[in-house]
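*Asks:* Numbering (the working numbering), first residue to last: 252 to 504.
Take a look at the following structure, please.
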Ligand code: 13P
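Okay, structure coming up:
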């Protein structure tokens, strides 16, 4: 059974004070971790404090990015080893904003996936689908290539734990979510790709999320789809009350 995963990606928003207040406000209002996993990804500057404030609560705190080396002359980068040291469980990798603004390629994503797993953390591998690839009709190949390259060299036992997020960039930050069937189609394609790379059994264990303008109005339908195991919300994760609604999607109508 794949435990539903409700994630928030704050991006470069909120302050340290707001981040800690957010955790304090919502930590008692979240479902049990065995029933629904709740995860917020935030700036590396906030992580230690957020982790301290979320102790003894179901909320898990994730990083939005890291570098692929543990140490070295890489000014300004965040070491995966330092994230592991403060007990970060998940790291987002390959978000479309990183691909677009910071030239993160599939090969870099693959290196980061290896380094995150080597440090006993779990990557949340984002898979973009640009408007360009949609227009030219090759978005299936585009998605398959991202997943195949990101997981290159990852053994099947380890692969079972990764989380993948299908995030069409035309749906991110636009208020225009993919339709339920478009989101399911993307997540299904990813699961078929995982079955081709590994096996049906491995593909059945890996959680696949949808991201792109998720809110309390569309989450219930999205979560009913067979291949959507969770969501990664941007804007809707910035308000504690909104995130609490997403986390408790089973009680929404
Ligand atoms: P929005 O929910 O604001 O569209 O952002 C989604 C996203 O980028 C999650 O990683």
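We put the CB at the ideal spot given by N, CA and C, even for glycine.
Here the structure is a predicted model, which means the values were calculated and not measured.
Per the DSSP calculation, residue 482 is bridged to which residue(s)?
*Replies:* 257 and 461
*Asks:* Given a threshold of 16 other Cβ atoms within 10 Å of its Cβ, counted over all protein chains shown, does residue 353 qualify as buried or as exposed?
*Replies:* exposed
*Asks:* Please list, in chain order, all residues of the same chain as residue 505 whose beta carbon is under 6 Å from its beta carbon, the five residues on each side excluded.
*Replies:* This structure cannot settle anything about residue 505, because the visible part of the chain is limited to 252 through 504.
*Asks:* Three or more C-beta pairs closer than 8 Å, one from the segment 253–264 and one from the segment 276–290: is that the case here?
*Replies:* yes
*Asks:* Can you tell me where the alpha helix (DSSP H) with residue 302 in it begins and where it stops?
*Replies:* 295–304
*Asks:* Of the residues 299, 426 and 438, which one's Cα is nearest the Cα of residue 487?
*Replies:* Checking every option, the nearest Cα to that of residue 487 belongs to 426.
*Asks:* Identify every residue that forms a DSSP beta bridge with residue 438.
*Replies:* Bridge partners of residue 438: none, in fact.
*Asks:* Check each candidate in 392, 449, 463 and 416 and name the one with the smallest Cα separation from residue 422.
*Replies:* 463
*Asks:* Within 10 Å of its beta-carbon, does residue 325 have 16 or more other beta-carbons around it, so buried, or fewer, so exposed?
*Replies:* With fewer than 16 neighbouring CB atoms inside 10 Å of its own CB, residue 325 falls in the exposed class.
*Asks:* In angstroms, rounded to a whole number, what distance separates the CA positions of residue 417 and residue 436?
*Replies:* 10 Å
*Asks:* Considering only DSSP beta bridges, list what residue 289 is partnered with.
*Replies:* 257 and 310
*Asks:* Would DSSP call residue 352 helix, strand or coil?
*Replies:* helix
*Asks:* For residue 418, report the span of its beta strand (DSSP E) as first-last.
*Replies:* 414–418
*Asks:* Span of the alpha helix (DSSP H) holding residue 491?
*Replies:* 491–498
*Asks:* Roughly how many whole angstroms lie between the Cα atoms of residue 410 and residue 393?
*Replies:* 20 Å
*Asks:* DSSP state of residue 425, grouped into three classes?
*Replies:* coil
*Asks:* Could you tell me the distance, in whole angstroms, from the CA atom of residue 304 to the CA atom of residue 389?
*Replies:* 45 Å
*Asks:* Looking only at C-alpha atoms, which of 493, 350 and 270 sits nearest to residue 299?
*Replies:* 270
*Asks:* Give a single yes or no on whether residue 464 has its beta carbon closer than 7 Å to a heavy atom of ligand 1.
*Replies:* Shortest gap from the CB of residue 464 to any heavy atom of ligand 1: under 7 Å.
*Asks:* Given residue 431, which residues of its chain have a CB within under 7 Å of its CB, disregarding the five upstream and five downstream residues?
*Replies:* The beta carbon of residue 431 lies closer than 7 Å to those of 472, 473 and 476 in the same chain, with the five residues before and after it left out.
*Asks:* Locate the beta strand (DSSP E) running through residue 331, then write down its first and last residues.
*Replies:* Element bounds for residue 331: not the beta strand (DSSP E) but the alpha helix (DSSP H), 331–336.
*Asks:* Would you say residue 375 and residue 364 are within 8 Å of each other, going by their C-beta atoms?
*Replies:* no
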